[in-house]
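Single-structure report; data block below.
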Amino acid sequence: MTADASTTVVRLGAEGARRYRSSRRPVWMEKPSIPMQALKGLVLLMVCVAVIYPFLAVVGTSLSTQQEIAANNGFVLFPSEPTFAAYSTIFAGGIVTDALVRSIGITLVGTALSVTLTVMMAYGLSRRGLLGGGFFLMTALLTMLFTPGIIPTFLVVKELGLLGTYAALILPTALSAFNLVIVRSFMMGIPSELVEAARLDGAGDLRVLWHVVLPLSKAVIAVVGLFYAVGYWNAFFNAMLYVDSDKWPLAMVLRQYVLLGSSIDAGSGAEIAAPSQAIQMAVVVISLVPILCVYPFLQKYFTKGVLTGAIKG
């Protein structure tokens, strides 16, 4: 406690000192009263229910029979007789299976390309004395303020001959200015003495990036990679504009068959007369599972990767 704080405590007395220390305590170290704790617990419980209930309804409905879904007005939380019939129909080799394979490929290739471009550009812009560094940085930042319209972007993709190719689903969104700023800010926090020591040992830029900067930037690269992966996995608008239905990713299939209510090809040549609620919910679950499996392994990097880069930026 500082001298000024001690003087204040003596002047205010015991009760005043308690209030003084309470007011000086950080938010995350506060000690609320019992009613306030109960209120906070109630609010958190309501938030948890609001988040978990829709997820349980989707999973439960995907495992239910048509009769049980009809008896519960469309949604089932806990099916009495769980069945994987909806998943068997989807994975019979039809359009959803093909779309799932495409989405995995697009996400892997797109994420690898985006992370590579982001890291290389961020490393260059993080080095002081780069010729034209300010110009390139401002050019990237302007894309955050003035996004190109749909028609100019479509014309560029068309003139480049990318229409109808998977490259049209990756290249237009290969580099995010927001992620670039985060990675650049993180790399600027790396001590310059390490880079200078590597240069004295004869290392070039690529060697410095590979052996010095990248090992220290694992956290931010993991988080930015997750951002890119989620973006590619959920993207459907570019697919709607640039490719035909035989190249649709899973997100576009999800939109077509769940939101618009089209029928789903079971894969055996037979066409299901009408999309059942169970199949629709199963498609939603399939689109969520990959991201849910990846997220827990990268969560530990969020504080160090994103917050450090964002605060310094």
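Take the sequence shown: its letters are residues 1469 to 1781, numbered as in the working numbering. We treat Cβ as the ideally placed atom computed from N, Cα and C, and that holds for glycine.
Beta-carbon gap between residue i and residue j smaller than 7 Å
| i | j | result |
| --- | --- | --- |
| residue 1613 | residue 1601 | no |
| residue 1722 | residue 1751 | yes |
| residue 1529 | residue 1749 | yes |
| residue 1719 | residue 1695 | no |
| residue 1543 | residue 1525 | yes |
| residue 1716 | residue 1506 | no |
| residue 1536 | residue 1547 | yes |
| residue 1636 | residue 1643 | no |
| residue 1647 | residue 1680 | no |
| residue 1527 | residue 1753 | yes |
| residue 1747 | residue 1554 | yes |
| residue 1766 | residue 1671 | no |
First and last residue of the uninterrupted alpha helix (DSSP H) at residue i
| i | result |
| --- | --- |
| residue 1579 | 1563 to 1594 |
| residue 1521 | 1502 to 1530 |
| residue 1638 | Residue 1638 -> no alpha helix (DSSP H), and no H or E assigned at all. |
| residue 1621 | 1618 to 1627 |
| residue 1680 | It is not in any alpha helix (DSSP H) - residue 1680 carries neither H nor E in the DSSP assignment. |
| residue 1630 | Unbroken run through residue 1630: none, as it is neither H nor E. |
| residue 1705 | 1705 to 1710 |
| residue 1540 | Premise fails: residue 1540 is in no alpha helix (DSSP H) and is neither H nor E. |
| residue 1694 | 1686 to 1702 |
| residue 1611 | 1601 to 1613 |
| residue 1557 | 1553 to 1558 |
| residue 1764 | 1745 to 1766 |
Any C-beta of chain B under 7 Å from that of residue i
| i | result |
| --- | --- |
| residue 1547 | The structure shown contains no chain B, having only a single protein chain. |
Of the residues the options, the one placed nearest residue i, counting alpha carbons only
| i | options | result |
| --- | --- | --- |
| residue 1586 | 1616, 1576, 1652 | 1652 |
| residue 1584 | 1627, 1688, 1701 | 1688 |
| residue 1645 | 1762, 1617, 1560, 1590 | 1590 |
| residue 1711 | 1665, 1661, 1670, 1638 | 1638 |
| residue 1701 | 1668, 1755, 1656, 1662 | 1755 |
| residue 1595 | 1662, 1760, 1746, 1515 | 1662 |
| residue 1658 | 1724, 1626, 1676 | 1676 |
| residue 1611 | 1575, 1628, 1577, 1649 | 1649 |
| residue 1623 | 1607, 1640, 1533 | 1640 |
The ligand FAD heavy atom lying under 6 Å from the CB of residue i
| i | result |
| --- | --- |
| residue 1722 | Ligands in the displayed structure: none, and consequently the ligand FAD is not present. |
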